[in-house]
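For the sequence shown, the working numbering begins at -17 and goes up steadily by one.
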Amino acid sequence: MNNTAETLETIPVKENIAFREAKLDSTMLIGVGLGFVLVLLAVMIGGDPLSFINPFGFVFVLGGTITAVMIQFSLPQLRESWSALKSAMFREEHSSLERILYFVEMARRVKDEGLLILDREALVVRDPYLAKALEITVDGASEEDIRRILETEMRFSSERKRRCVQVLETMAAYAPAFGLIGTIIGLSNLLGNLPDSASLGGDMAVALMTTFYGALLANLVFLPIAGKLKLRSEEDALIKVITIEGVLCLARGENAIFVEQKLQSFLPSY
-17 MNNTAETLET IPVKENIAFR EAKLDSTMLI GVGLGFVLVL LAVMIGGDPL
33 SFINPFGFVF VLGGTITAVM IQFSLPQLRE SWSALKSAMF REEHSSLERI
83 LYFVEMARRV KDEGLLILDR EALVVRDPYL AKALEITVDG ASEEDIRRIL
133 ETEMRFSSER KRRCVQVLET MAAYAPAFGL IGTIIGLSNL LGNLPDSASL
183 GGDMAVALMT TFYGALLANL VFLPIAGKLK LRSEEDALIK VITIEGVLCL
233 ARGENAIFVE QKLQSFLPSY
């Protein structure tokens, strides 16, 4: 048996996607946290960290970025993006290997207990897409209808995630731009208040810190999260493809060995 099959055998069935709750993606939070810690350390080594705190500059950059995004995208699109973002942060940790193992096990059970077992299984799985796939399969839908329904839902799900990535990448583009606008405003005020030495420090702080905040938000928050969501979208699309082919195998009553070999063909080879 190949390496993929050996890996499949090491995954406990009951620790599979059917029974696992969604958890917060700690890796993403740790990465963002470490990034801010590194920036803070660099600031502390170079001087007074309080000098890098400018509430007005931060609010200007973040508020301007949000305003620009609201102008570009509609409210329903932003709501969909927020929903997709939450699904990226809170997700069930499962893999394509686990999904294959699940269908191999279900193929054995369908052979022994009949197709109606899918009706009970649809009630306990936590993945809504998998539950829907099992339901329409046990309801006796044709293979063409099963594929059409599930592929349509997969396409719209991918589109929602793509829209969220687009929103985040747009925010990453606007944040440095508003940082630059803040810098221009600060320098303009600085030049206009040269005789007033008391206001020079505040104007200079706004001029410099807005650029800093814009670059920080773009490269430590918006772009990394957009990249994470893009990878998640690709992973979820593969799992959905495996799900479609898996339920079609169950509908045909194919044996577990054939199901395993067929679904493994969707995995990348290394």
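Quick reminder that beta carbons are idealized off the backbone N, C-alpha and C, glycines included.
It should be emphasised that the depicted structure is a prediction, and the values quoted were computed from it without experimental measurement.
- Would a C-beta distance cut-off of 7 Å place V223 and A115 closer than the cut-off? Residue 223 sits at position 241 when you count from the first residue of the sequence shown. Residue 115 sits at position 133 when you count from the first residue of the sequence shown. Not closer than 7 Å, so no.
- Using only the heavy atoms of the ligand ZN, determine whether one of them is closer than 6 Å to the beta carbon of I166. As presented, the structure is devoid of all ligands, the ligand ZN included, so that no description of it is given.
- Residue from G161, S124 and T152 whose Cα sits closest to the Cα of M262: Absent from the model: residue 262. The displayed extent of the chain is -17 to 252, so no value can be given.
- Are L100 and T119 touching if we call contact CB-CB under 7 Å? As a position in the sequence shown, residue 100 is number 118, starting the count at 1. As a position in the sequence shown, residue 119 is number 137, starting the count at 1. Yes.
- Task: With a 10 Å radius around its C-beta and 16 neighbouring C-beta atoms as the bar for buried, classify P158 as buried or exposed.
- Result: Counting from one through the sequence shown, the residue named residue 158 turns up at place 176. Classification of P158: buried, given that the 10 Å Cβ count is 16 or more.
- Cα separation between F34 and V25? Your numbering for residue 34 matches position 52 in the sequence shown. Your numbering for residue 25 matches position 43 in the sequence shown. Going by the C-alpha atoms only, they are around 8 Å apart.
- Should F85 go down as buried or exposed, given a rule of 16 or more other Cβ atoms within 10 Å for buried? The count along the sequence shown starts at 1 and reaches residue 85 at position 103. Classification for F85: buried.
- Item | Residue span of the alpha helix (DSSP H) that contains R81, given as start and end | As a first step, residue 81 must be located in the sequence shown, where it is residue number 99. S78 to E95 is the span of the alpha helix (DSSP H), which, as asked, contains R81.
- Can we say the region 8 to 15 touches the region 127 to 145, given the rule of at least three CB pairs closer than 8 Å? no
- Query: DSSP three-state call for S247: helix, strand or coil?
  - Reply: One-based indexing of the sequence shown puts residue 247 at position 265. The answer is coil: DSSP assigns S247 none of H, G, I, E or B.
- Message: Which of the three DSSP states is assigned to E236 in this structure?
- Response: Counted from its first residue, the sequence shown places residue 236 at position 254. DSSP places E236 in coil when its eight states are reduced to three.
- Query: Taking DSSP as the reference, what is the three-state secondary structure of F38?
  - Reply: Residue mapping note: residue 38 aligns to position 56 of the sequence shown, counting from 1. Helix at F38.
- Buried versus exposed call for D94 [16 or more other C-beta atoms within 10 Å across all chains shown]: Start at 1 with the first residue of the sequence shown, and residue 94 comes out as number 112. Exposed is the call here.
- For D127, the three-state DSSP class (helix, strand or coil): Walking along the sequence shown from the start, residue 127 turns up at place 145. DSSP places D127 in helix when its eight states are reduced to three.
- For the alpha helix (DSSP H) that R102 lies in, which residues bound it at each end? Counted from its first residue, the sequence shown places residue 102 at position 120. That run of the alpha helix (DSSP H) goes I99 to V106.
- Task: Below 8 Å on the Cβ atoms is my guess for T192 versus F42; work out the distance and round it to an integer in Å.
- Result: Taking the first residue of the sequence shown as position 1, residue 192 is located at position 210. Taking the first residue of the sequence shown as position 1, residue 42 is located at position 60. Correct: roughly 6 Å between the Cβ atoms.
- Which residues in the same chain have their Cβ closer than 6 Å to the Cβ of T225, if we skip the five residues on either side of it in sequence? Locating residue 225 in the sequence shown gives position 243, counting from the first residue. L112 and A115.
- Item | Chain-order list of residues whose beta-carbon lies under 7 Å from that of A219 (same chain, five-residue window excluded) | Residue 219 sits at position 237 when you count from the first residue of the sequence shown. So the list reads M136 and S140, once near-sequence residues are dropped.
- Message: Using 8 Å for Cβ pairs, my map puts F160 next to T47. What's the rounded Cβ distance?
- Response: For the purposes of this step, residue 160 is taken as the residue at position 178 of the sequence shown. For the purposes of this step, residue 47 is taken as the residue at position 65 of the sequence shown. Contact holds; Cβ gap of about 6 Å.
- Item | Pair within 7 Å by beta-carbon distance, E87 and A104 | The residue labelled residue 87 in the question sits at position 105 within the sequence shown. The residue labelled residue 104 in the question sits at position 122 within the sequence shown. Taking 7 Å as the Cβ cut-off, E87 and A104 do not qualify as a contacting pair.
- What's the C-alpha gap between A(-13) and S247? Counting from 1 along the sequence shown, the entry for residue -13 is found at position 5. Counting from 1 along the sequence shown, the entry for residue 247 is found at position 265. For A(-13), the predicted structure reports a pLDDT of 44, less than 50, and the residue's modelled location is therefore unreliable. The matter cannot be settled from this model.
- Can G164 and G45 be called in contact, C-beta distance under 7 Å? Looking up residue 164 in the sequence shown gives position 182. Looking up residue 45 in the sequence shown gives position 63. No, they are not a contact pair.
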